[in-house]
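Enquirer: Using this note's numbering, the letters of the sequence shown map in sequence onto residues 69 to 425.
We treat Cβ as the ideally placed atom computed from N, Cα and C, and that holds for glycine.
Sharing a structure, written as structure tokens. Questions coming.
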Amino acid sequence: MITRGHDGILPRTTTLADESYLDFVESFRGMNFTAMYPVFSETADTEMKEKIGAVDSSVKLSTIREVVGALPITQVWQRFMRSHQEMMWRRTRESFAINEKELLAELDAAEKQGPGQLIYDPNFHVPDYTRMEIHLQPGGYTDDPLGGIVFHYGGKVFYQGMDNQNEHHIEFVELCKVPEDSKIDKVLDLACSLGQCTTNLKKRFPDSEVWGLDVALPLLRYAHKCAVDEGVDVNFIQGLSEDTKFKDGEFDMVLAYILFHEVPVKVMKQTIKEVFRILRPGGVFNIFEFPNASQELLPSERYLIDYDSRNNCEPYSPAFVNSDFRQIIIDAGFTIEDGGTSTNPFLQSIVATKPNT
Ligand SMILES: C[S@@+](CC[C@H](N)C(=O)[O-])C[C@H]1O[C@@H](n2cnc3c(N)ncnc32)[C@H](O)[C@@H]1O
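Here it is, written out as structure tokens:
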């Protein structure tokens, strides 16, 4: 087995040539976001003001597509966006596939190790709506046995090196609000992916029992292996956010980091009701998510979300963005307030509390 080890908790690609190539892709992505996106958004919003005379939500998306889509900067920017995403997944997967047999054997071996457990039913039915190739990842979250390690390294490129040691995930865990009475015996990381928040929830609340739930077994197998390697006592379970099978009132706190824009609105509504059910009175639901219709978005932001949905396989995000997310949370019985602000200005943060009475 060729192995170049890890950089802290991040696996290294199988060859240095892959690492160099992906470093280039990472800077390419960085250039697209930090240098090009501000110019694109200013040009797009100015063009909308000049041509249409409005930039608020009264403007139809079809008009934004027509006006903004015709700008040369838009065309270059979106070509680059699509290209770096395709380059990133292809090379990342090819690199780890060299050691596929050994990597899968490591996941098998970790399943027999603790301190925490990995729980799944081999007959679990993975619903089709979760099996999209979200973000263009080959096999999506659910269907590539190597999906965990590929998603982890893909995250290095996605977060442009700012989450290599889970820094970004740690920030969100630190921002989570705890129940008013500070009782926090049991915590759930909903749609936990690789368990990067899950393990850090355990580090923040060492006396609590911490669970991570996700529909995607390849991600959970990798999450469990990482937790075993770190010696962190957390449990992972394959399940559905909209039907977790946990008991009523079992949890004091639930966290969902960027889940809701990736499920159909029907599932989003069911999930919010499900979290209300499994939280105890006074329990807190911390949500970090895409912006949505509860907030006013600029045409450039609406164009970005629309672009992402069509070209980056985010099939559910437009309906999420257009939903009245905050009202849906309130209708489920929660009281809500704004959560803490993170270094990612794009995401909204909501603290939803299940009332005591
Ligand atoms: C953007 S990722 C969430 C990121 C993750 N919370 C983190 O800490 O990095 C979306 C996750 O939602 C999971 N997912 C999608 N639909 C789900 C469902 N109905 N139930 C449980 N997990 C689901 C996917 O498998 C994926 O891991």
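#1: So K341 and A400 are supposed to be a Cβ contact under 8 Å. How far apart are they, rounded?
#2: Please classify A259: does DSSP put it in a helix, a strand, or coil?
#3: Any idea what DSSP makes of K271, helix, strand or coil?
#4: Going by the beta-carbon positions, is the gap between G351 and F319 smaller than 9 Å?
#5: Given the structure, does Y188 come close to ligand 1, in the sense that its CB is under 8 Å from one of the ligand's heavy atoms?
#6: Put P79 into one of helix, strand or coil per three-state DSSP.
#7: Counting along the chain, where does the beta strand (DSSP E) carrying Q416 start and finish?
#8: Alpha helix (DSSP H) containing V300: first to last residue?
#9: Please state the DSSP three-state secondary structure of D246.
#10: Pull up the DSSP beta-bridge partners for I305, would you.
#11: Give the DSSP-derived three-state secondary structure of G222 in the structure shown.
#12: Among Q338, V331, N412, K422, which residue has its Cα nearest to the Cα of P383?
#13: Taking just the CA atoms, how far does M69 sit from T102?
#14: Between which residues of its own chain and I132 is the CB-CB distance below 6 Å, once the five residues before and five after are set aside?
#15: Going by alpha carbons, who is nearest to K337 out of R345, F358, E310?
Expert: With the given structure in hand:
#1: 5 Å
#2: coil
#3: helix
#4: yes
#5: no
#6: strand
#7: 416-421
#8: Element bounds for V300: n/a, residue is neither H nor E.
#9: Asp is not the amino acid found at residue 246; the sequence shown has Val there. In the structure shown, V246 sits in coil (DSSP, three-state: anything other than H, G, I, E or B).
#10: I187, L281
#11: helix
#12: V331
#13: 38 Å
#14: P367, R370, Y371
#15: E310
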